[in-house]
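Numbered according to this note's numbering, the sequence shown spans residues 560 to 1145.
Beta carbons: idealized from backbone N, C-alpha and C, even for Gly.
In what follows, a single structure is set out as structure tokens and then discussed.
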Amino acid sequence: MSDKKVNLTIDGTNITVNEGSTILEAARSASIDIPTLCYLKKINEIGACRMCLVEVEGARSYLAACVQPATDGMVVHTNTKALLDTKKTVLELILSAHEKKCLTCSRNKNCELQDLAKKFGIEDIPFESNDVPKETLDTSSDCIVRNTAKCILCKKCVNICKNVQGVCAISTVNRGFKSKIGVAMDMPLKKSTCVGCGQCVINCPVGALLEKSNISDIENALYNDKKYVVIQTAPATRATIGEEFGQKIGTLMTGKMVAGLKKLGFDAVFDTDFAADVTIMEEATEFISRLKNGGTLPMITSCSSGWITYAEKFYPEILNHLSTTKSPMEIMGTLIKTYYAEKMNIPKENIYSVALMPCSAKKAEINRENLLLENGIKAVDSVITVREMACLLKKNNIDISTLEDEDFDSPLGIATGAGHIFGTTGGVMEAAMRSVSYLLDGSQIENVEFKNVKSIEGMKEAEIKILGTIHKIAVVQTLKSASILLDEIKNGTSKYSFIEIMTCPGGCINGGGQPIVPKKVRESVDYKKLRASALYKADKTSKYKKSHENPAVKELYSEFLKEPNGEISHKLLHTYYTKQECYKED
């Protein structure tokens, strides 16, 4: 964007913005509200919904503010009667082709279309449409459910999938009144390139996309007296679940969350952060082994399940670069049904293991054959997102914000600050760097200085000295950005030794299962930064800062695993990856 300024007037207010700014950007800089429905900054700027229409003096027709550049001397009106009547008609037409089952919709009271209907005072819809899509539920995916009858063709999901993740699992099919969002060849989502990240879900303005619910399965387990039901909570969940109970973004709710889960009836509540510490012990030792023994480099982290699926579908030739260490969720699930089960003398078959996750892709991860325990037993039986858990708690009249703090259960409830920061981009790498040098020779690597890589959005790099050699390490978020590094690895030109890849923008704090931030808040507040700061606050106040300092982890290795990357660890805590076939459009 140019540094040159342009001056314009919107609703009588004089505004100065940089040349190249849109009318919408100019209006928002002056706190003038122009409604939008399809707009997503830098991702979906297409002017399709027409809700951002404005009247520009001298123009022959109304213009879409989200794509129309502001020009010097422009006079804009956003609230003339004729314009507002036109926008109301546009909205009524959108509603006429939309399934209006609001009371049973997952987005009821947090729906952008519903908000606009209220804003424009729509009480009835004067248009009868024969073009309302029939309710076609695509439930083939383990992660995401699609409902075409609710879709308003805003294309946010399409362009998130394409422009942020580079996955292109869905697109606009057909033309005109027959247009719909779907998978090529009308194939089910499960057979597409979809990785289950759920970024489409948290950016859908209505309820056309939602996570595949596991609430009933968990309720059945909780009501089954023969089952010992345990739950683990991922690092990022403590920084977001409060939003579902009226708390400010970035409010840590760790103790209250634990209290709520115990009140719900779980027999034990464990901290996935403990397993994150174990992950670092395994992954850092694996990295050292590769450095010492000429193993495959760069090594890439393996915590983010959407990223693993992406690698298996798009880059099967580089799978040997992935760390073989299981994700923290799977490590915790494995330890619950082995180490903990033996300690408590509970048959693993009687344990029902639940994971509270910020991620919809985790719902597919638990079904992977390469993660099954002996006799085909799943390490984790069910995954529930933060949104789902909030629904379950509210259904049982539990408001966690009113509860007294309670502690996680031992021995799988003790974690370090390194485990806490796993939930944000860069956290896994930082946690690894806190331990890798110590595990190597007892020294410490402090204050690794990451610098942004301007050529790749969402990427940082740094240099560290190990065994007398300088190694480059990198942190990258979103799959589209990661693909640039993966292409370098594929071509043999990578300069890095260790890479962290997070599927979602910002990491797990912005995962597909997290609370959906209301549109106005999302556009005015850096919610990802606030959520991440909560995890670093937890890190700062932790008694132990480094994974190798965790006394419960030390006890685990002493009593059970013996050593990181040892025979028992490899059998239980490591895995392998295989190419996944899927349909890709040319």
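{"Query": "Taking DSSP's pairing of strands, which residues face Pro628 in a bridge?", "Result": "Thr581"}
{"Query": "Where does the unbroken beta strand (DSSP E) through Ala827 begin, and where does it stop?", "Result": "827–830"}
{"Query": "Closest by CA to Lys1138, which one among Gly725, Ala798, Ile877?", "Result": "Ile877"}
{"Query": "Put Gly1001 into one of helix, strand or coil per three-state DSSP.", "Result": "coil"}
{"Query": "Suppose only complete runs of 4+ residues qualify. What are the alpha helix (DSSP H) ranges in the stretch 774–812, listed by chain order?", "Result": "774–781"}
{"Query": "For Asn773, collect the residues of the same chain with a Cβ closer than 8 Å to its Cβ; drop the 5 residues on either side in sequence, then sort them by chain order.", "Result": "Lys922, Ser941, Val942, Ile943, Glu947"}
{"Query": "Can you confirm whether the stretch 807–823 touches the stretch 965–974 when touching is taken to mean that 3 or more C-beta pairs between the two stretches lie within less than 8 Å?", "Result": "yes"}
{"Query": "Just checking my contact of Val1035 with Leu1044 at CB under 8 Å: how many whole Å lie between their CB atoms?", "Result": "6 Å"}
{"Query": "Check the DSSP bridge columns for Glu1082 and list the partner residues they point to.", "Result": "BP columns for Glu1082 are empty, so no partner."}
{"Query": "Please classify Val726: does DSSP put it in a helix, a strand, or coil?", "Result": "coil"}
{"Query": "Mind checking whether Ala798 and Arg587 have CB atoms under 8 Å apart?", "Result": "no"}
{"Query": "Please identify the residue among Val726, Asn722, Asp745, Tyr1055 whose C-alpha is closest to the C-alpha of Val732.", "Result": "Asp745"}
{"Query": "Pull up the distance between the alpha-carbon of Leu675 and that of Leu650, whole angstroms please.", "Result": "8 Å"}
{"Query": "Between the Cα of Ser1056 and those of Thr707, Gly853, His1129, Gly680, spot the shortest distance and give me the residue it belongs to.", "Result": "Gly853"}
{"Query": "To the nearest angstrom, how far is it from the Cα of Glu770 to the Cα of Gly892?", "Result": "21 Å"}
{"Query": "Please determine, among Cys710, Ser700, Cys727, Pro764, the residue with the shortest C-alpha to C-alpha distance to Lys749.", "Result": "Ser700"}
{"Query": "Looking at chain D, is there any beta carbon in it that lies within less than 8 Å of the beta carbon of Val626?", "Result": "Of the protein chains in this structure there is only one, and it is not chain D."}
{"Query": "Looking only at its own chain, which residues have a Cβ that is under 8 Å from the Cβ of Asp830, when we skip the five neighbours before and after it?", "Result": "Gln791, Thr792, Phe967, Leu971, Gly972, Ile973, Ala974, Gly978"}
{"Query": "How long is the line joining the alpha carbons of Glu724 and Gly741, rounded to whole angstroms?", "Result": "The amino acid at residue 724 is misidentified as Glu; the sequence shows Gln. When rounded, the distance between both Cα atoms is 17 Å."}
{"Query": "Where does Asn852 sit, in a helix, a strand or coil, going by DSSP?", "Result": "helix"}
{"Query": "Tell me which residue opens and which closes the alpha helix (DSSP H) that Ile769 is part of.", "Result": "According to the sequence provided, residue 769 is Leu. The question's Ile does not apply to it. Note, Leu769: premise wrong, no alpha helix (DSSP H); beta strand (DSSP E) at 768–770."}
{"Query": "With H, G and I counted as helix, E and B as strand and the rest as coil, what does DSSP make of Ala914?", "Result": "strand"}
{"Query": "Measure the alpha-carbon distance for Glu616 versus His636 and round it to whole angstroms.", "Result": "8 Å"}
{"Query": "Would you list the residues sitting across from Lys1010 in a DSSP beta bridge?", "Result": "Glu1020"}
{"Query": "Measuring CA to CA, which of Lys737, Cys664, Ala743, Asn722 is closest to Ser730?", "Result": "Ala743"}
{"Query": "In terms of residues, what are the limits of the beta strand (DSSP E) holding Glu614?", "Result": "612–615"}
{"Query": "State the CB to CB distance for the pair Phe679 and Lys647, rounded to an integer number of angstroms; the pair is presumed to be in contact (CB under 8 Å).", "Result": "5 Å"}
{"Query": "Once you ignore the five residues that flank Cys713 on each side, which residues in its own chain have a CB closer than 7 Å to its CB?", "Result": "Leu596, Cys597, Ala607, Cys608, Pro764"}
{"Query": "Which residue from His1030, Thr860, Lys1019, Lys896 puts its Cα closest to that of Ser886?", "Result": "Thr860"}
{"Query": "Check whether the Cβ atoms of Ser1101 and Gly976 lie closer than 8 Å to each other.", "Result": "yes"}
{"Query": "Let me check one thing: in DSSP terms, what residues is His657 bridge-paired to?", "Result": "Looking at the DSSP assignment, His657 forms no beta bridge with any residue, so it has no partner."}
{"Query": "Apply the 10 Å Cβ neighbour rule to Tyr1135 and answer buried if 16 or more other Cβ atoms are within range, or exposed otherwise.", "Result": "exposed"}
{"Query": "Going by DSSP, which residues form a beta bridge with Thr575?", "Result": "Asn566"}
{"Query": "Decide yes or no for the touch test of the stretch 891–905 against the stretch 827–842: beta carbon pairs closer than 8 Å, at least 3 of them.", "Result": "yes"}
{"Query": "At what residues does the alpha helix (DSSP H) containing Ser1040 begin and finish?", "Result": "1038–1050"}
{"Query": "Does the beta-carbon distance from Lys1087 to Ile1075 come in below 8 Å?", "Result": "no"}
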